[in-house]
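What follows is one structure encoded as structure tokens, with my remarks underneath.
In this note's numbering, the protein residues as written are -8 to 53.
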């Protein structure tokens, strides 16, 4: 019984963590009048730079 528990414990420790997904490359919209494209782009930039931020920012698009 003890050997079974030890074997299961060792197998659980050997699990490999999944690799993090590759960063998404953001492309700037080529059309200045593409409001939906700019909103998606700016939201992606903000989310990519949220490391270390503890509070949720208030984002607005002017």
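Every residue, glycine too, gets a C-beta built ideally from N, C-alpha and C.
CB residue 15 to CB residue 32, shorter than 8 Å? No.
Alpha carbon to alpha carbon, how far is residue 51 from residue -7? 60 Å
Cα separation between residue 26 and residue 17? Those two C-alpha atoms are separated by around 16 Å.
For residue 13, the nearest candidate out of 53, 28 and 39 (CA to CA): 39
Would you mind stating whether residue 48 and residue 36 have Cβ atoms separated by less than 8 Å? For residue 48 and residue 36, no; Cβs fall outside 8 Å.
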